[in-house]
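UniProt numbering applies: residue 1 is where the sequence shown begins, and numbers increase by one.
Written out below as structure tokens is the structure these notes cover.
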Amino acid sequence: MKKIAVFTSGGDSPGMNACIRAVVRTGIYHEIDVYGIMYGYDGMINGSIRKMQSHSVSNILQRGGTILKSARSENFRTKEGRKKAYDELTKHGIEGLVAIGGDGTFTGAKIFFEEFGIPTVGCPGTIDNDIFGTDYTIGFDTAVNTALEAIDKIRDTAAAHDRIFFIEVMGRDSGYIAIECGIGGGAELVMVPETTTTIDDVVKSLKGLRKSKTSSIVVVAEGDEEGGAAQIMDKVKSQFKGDDKEFKVTTLGHIQRGGSPTAKDRILGSRSGMAAVEGLLKGESNCMAGIINDQVVYSPFEECINKSKPLKEEYLRLQELLSI
């Protein structure tokens with residue numbers, strides 16, 4: 001294998017640049033030409049492919065986002081689009097791919113490999129930490145720390161005015177950001193998609209806590225079955241009629257995607273990128289390079305896509321225990 005390409009796809013996450021840097025420099029170390037594909041699968045189809053040098057990835061380790069950009073690609077969902085992408089890769093002599101992203105990225109890579117046979121190794125790049133086959137995903141730690149910084153500030157104003165704040169964090173299908181923010185930020189209650197917490201449960205908890213606390217923080221994962229933070233706050237507030245308690249809502253949104261990656265995400269991205277390239281050279285394909293128990297593990301895309309990654313029961317218990 002003499003030529004490989006790297007691309008980022010789906011939602012961006014802090015640490016992707018560290019991963020790109022590691023792919024490029026590991027490839028150069030092993031005397032391989034490394035190409036960068038701009039705008040994910042869309043760029044693959046359109047031929048937005050450029051050769052990268054060591055200096056191409058200088059001074060990017062500390063930057064959020066992705067220098068290769070990212071985009072959704074409807075064309076890649078079609079056989080014709082994937083054939084065009086294959087032709088563009090062939091034109092450049094590319095023999096292997098490193099795909100940095102999440103479920104959607106790996107689903108596309110799996111189908112592409114099955115149809116055209118280009119060896120592909122993935123790196124888990126998503127803030128949600130919802131990918132099976134790795135303990136943590138690139139960007140998750142930064143997202144949690146970004147959210148925690150905001151929660152700490154909101155805690156100050158909540159305490160000053162004896163308010164109840166409902167804070168929405170990202171996590172459409174996964175409550176990992178919410179539960180770690182809840183534990184780390186001292187939240188009184190956390191609502192996640194993996195468990196059922198009814199409005200009655202929330203009301204009962206908040207009324208019970210009023211005996212010992214004048215303010216409260218409720219962290220809500222955006223995918224909770226009761227709705228987003230604003231909807232939940234309205235439902236809860238309606239059951240506090242005649243009460244002068246103030247309710248507020250804050251949606252943290254896309255600030256969780258940005259910012260300089262933490263040391264943990266820089267190192268995770270670097271390890272994943274190196275493992276992906278060296279995996280390709282050892283014959284690994286149609287799989288993801290993850291880190292489990294501090295060891296590199298290659299898991300088939302099929303497992304990464306279809307197997308769920310449940311929240312740790314210890315975290316759920318810890319949140320409940322510490323919130324009294």
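Yeah, the Cβ is synthetic: ideal placement off N, Cα and C, and Gly gets one too.
### Task
Return the residue from the list 236, 190, 286, 247 that minimises the CA-CA distance to residue 316.
The shortest C-alpha to C-alpha distance from residue 316 to any of 236, 190, 286, 247 is the one to 190.
Worksheet item: What distance in whole Å lies between the Cβ atoms of residue 188 and residue 213, which are believed to be in contact at a cut-off of 8 Å?
Response: 7 Å
Going by Cα to Cα distance, which pick from 184, 142, 113, 37 is closest to residue 254? 142
Just how far apart, CA to CA, sit residue 149 and residue 78?
42 Å
- Query: Given residue 104, which residues of its chain have a CB within under 6 Å of its CB, disregarding the five upstream and five downstream residues?
  - Reply: 10
How should residue 100 be labelled, buried or exposed, when 16 other C-beta atoms within 10 angstroms of its C-beta is the threshold for buried? buried
Practice task
Look at the alpha carbon of residue 84 and the alpha carbon of residue 321, and state the distance between them as a whole number of angstroms.
Solution key: Each residue's Cα considered, the two are about 55 Å apart.
Touching by the beta-carbon criterion (3+ pairs, under 8 Å), the stretch 16–23 and the stretch 255–272: Yes, since at least three Cβ pairs between the stretch 16–23 and the stretch 255–272 fall closer than 8 Å, the two stretches touch.
- Message: Using a 10 Å radius around the Cβ and a threshold of 16 neighbouring Cβ atoms, would you call residue 295 buried or exposed?
- Response: exposed
### Message
Can you tell me whether residue 62 is buried or exposed? The criterion is at least 16 other CB atoms within 10 Å of its CB, across all chains shown.
### Response
Residue 62 sits exposed, since fewer than 16 C-beta atoms from the chains shown fall within 10 Å of its C-beta.
Check whether the stretch 38–47 touches the stretch 164–174, counting contact only when three or more Cβ pairs, one atom from each stretch, lie closer than 8 Å. no
Just to confirm, is the Cβ distance from residue 120 to residue 132 under 8 Å? no
May I ask you to list the residues that DSSP assigns as paired with residue 124? Partner(s): 101.
Hey, is residue 223 close to the ligand ADP, as in C-beta under 7 Å from one of its heavy atoms?
Among the components of this structure there are no ligands whatsoever, and the ligand ADP is therefore not found.
Whole-angstrom Cβ separation of residue 96 and residue 106, contact assumed at under 8 Å?
Not a contact, Cβ separation roughly 16 Å.
Practice item. Tell whether a beta-carbon distance below 8 Å holds between residue 137 and residue 126. Key: yes
* Find out if the Cβ-Cβ distance for the pair residue 181, residue 219 is shorter than 8 Å. => yes
* Under the three-state DSSP convention, the category residue 7 falls into -> strand
Pair within 8 Å by beta-carbon distance, residue 247 and residue 164: yes
Open item on the list: By DSSP's criteria, residue 277 is part of a beta bridge. Which residues make up the other side?
Closed with: In the DSSP secondary-structure assignment, residue 277 is not bridged to any residue.
Are three or more beta carbon pairs between the stretch 150–161 and the stretch 222–231 nearer than 8 Å? Cβ pair count under 8 Å is below three, so no.
Residue environment, residue 53, which counts as buried when at least 16 other CB atoms sit within 10 Å: exposed
Exercise for review: Quick one: which unbroken beta strand (DSSP E) runs of 3-plus residues sit fully inside the stretch 157–214? Chain order, please.
Suggested key: 163–169, 189–191
Can you tell me which of the three DSSP states residue 240 falls into? coil
* How is the beta strand (DSSP E) around residue 62 delimited, first residue to last? -> Looking at the DSSP string, residue 62 is not in any beta strand (DSSP E), and its letter there is neither H nor E.
* Asked: If you follow the beta strand (DSSP E) that residue 249 is part of, which residue opens it and which one closes it?
  -> 246–251
To the nearest angstrom, how far is the alpha carbon of residue 130 from that of residue 312? C-alpha separation (whole angstroms): 12 Å.
- Neighbourhood of residue 277 by C-beta distance below 6 Å, restricted to the same chain and skipping five residues each side: 23, 26, 27
List the DSSP bridge partners of residue 119.
In DSSP, residue 119 forms no bridge with anything.
- prompt: Quick one: what does DSSP say residue 216 is sitting in, helix, strand or coil?
  reply: strand
#### Entry: Neighbour-count burial assignment, residue 115, 16 or more Cβ in a 10 Å radius
exposed
For the beta strand (DSSP E) that residue 33 lies in, which residues bound it at each end? 33–37
**Request:** Identify whether residue 13 lies in helix, strand or coil by the three-state DSSP scheme.
**Result:** Note: residue 13 maps to coil in three-state DSSP.
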